[in-house]
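Have a look at the structure below before the remarks.
Residue numbers (the UniProt record's numbering): 1 to 204.
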């Protein structure tokens, strides 16, 4: 009897096809990573621009309130009525708080630049998220306390016999009102910054 051998032919295409599939997976992952880094870099650039805008708004708020002194001109030099931010603790707190917020925003710019250079890094973005949230609460407190005094200056309070003073101190009330509005614009910027940081921390 003759020994018969069975030979099974393996198509050469199967091994090459299997080898060809592996790079496709790597390429798809590279495209996903590149796309994620692209939109996160865009968020970081927008974050940096918002911080510059917030610096301007907070600086205007602090400077306007700081220069809100007014003296009524129709009294003698021995008897004058004067209104200034330093006469009210809430306005003093407002000026100090907005100045500190400007300082924080300036110091946060290098960290924002880091998020542009390394858009996939989570640590600097998380640090900005925590600090921005704390400063947002601080900014809201300063603006709200000043807004309450501005409201009394415009409308007074009949129950406590507090008379409105804005008819006499028009420039003073105009400047303090503008400072409060500018501070709440800064609050809006901080709110957007916090949302952007949360979106950037989300995994692709």
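All residues carry an ideal CB built from backbone N, CA and C; glycine is no exception.
In this text, all values refer to a predicted model and were calculated from it rather than measured experimentally.
### Message
Could you tell me the alpha carbon to alpha carbon distance between residue 57 and residue 39, rounded to whole angstroms?
### Response
Between residue 57 and residue 39, the C-alpha separation is close to 27 Å.
### Task
Would you check if the region 82 to 100 and the region 141 to 148 touch, i.e. whether three or more CB-CB distances between them fall below 8 Å?
The region 141 to 148 is in contact with the region 82 to 100.
### Query
For residue 175, is the classification buried or exposed, using 16 other Cβ atoms within 10 angstroms of its Cβ as the cut-off for buried?
buried
### Query
Using the beta-carbon count (16 or more within 10 Å), is residue 109 buried or exposed?
exposed
### Query
Is there contact here, the region 98 to 106 with the region 47 to 64, by at least three beta-carbon pairs under 8 Å?
yes
### Top-ranked residue by Cα proximity to residue 64, from 200, 183, 194, 47
183
### Query
When burial is assigned at 16 or more other CB atoms within 10 Å of the CB, is residue 89 buried or exposed?
exposed
### Query
Is the distance from the Cβ of residue 153 to the Cβ of residue 165 below 7 Å?
yes
### Query
Based on the DSSP secondary-structure assignment, which residues constitute the bridge partners of residue 206?
Given a span of 1 to 204 for the chain in the structure shown, any question on residue 206 remains unanswerable.
#### Entry: 7 Å Cβ cutoff met for residue 116 and residue 124
The beta carbons of residue 116 and residue 124 sit no closer together than 7 Å.
### Task
Classify residue 121 as helix, strand or coil using the three-state DSSP reduction.
Coil at residue 121, not helix or strand.
### Message
Quick check: the Cα distance between residue 130 and residue 67, rounded to an integer number of angstroms?
### Response
32 Å
### Query
Is the distance from the Cβ of residue 180 to the Cβ of residue 150 below 7 Å?
yes
#### Entry: Sequence-distant residues of its chain with Cβ nearer than 7 Å to residue 62 (five each side left out)
95, 98, 99, 102
#### Entry: DSSP three-state assignment for residue 82, whether helix, strand or coil
strand
#### Entry: Rounded separation between residue 171 and residue 162 - CA only
The C-alpha of residue 171 lies about 19 Å from the C-alpha of residue 162.
### Message
For the alpha helix (DSSP H) containing residue 202, name the first residue and the last one.
### Response
No alpha helix (DSSP H) holds residue 202; DSSP gives it neither H nor E.
### Query
With distances taken between CB atoms, is the gap from residue 128 to residue 197 smaller than 7 Å?
Cβ distance < 7 Å, so residue 128 and residue 197 count as in contact.
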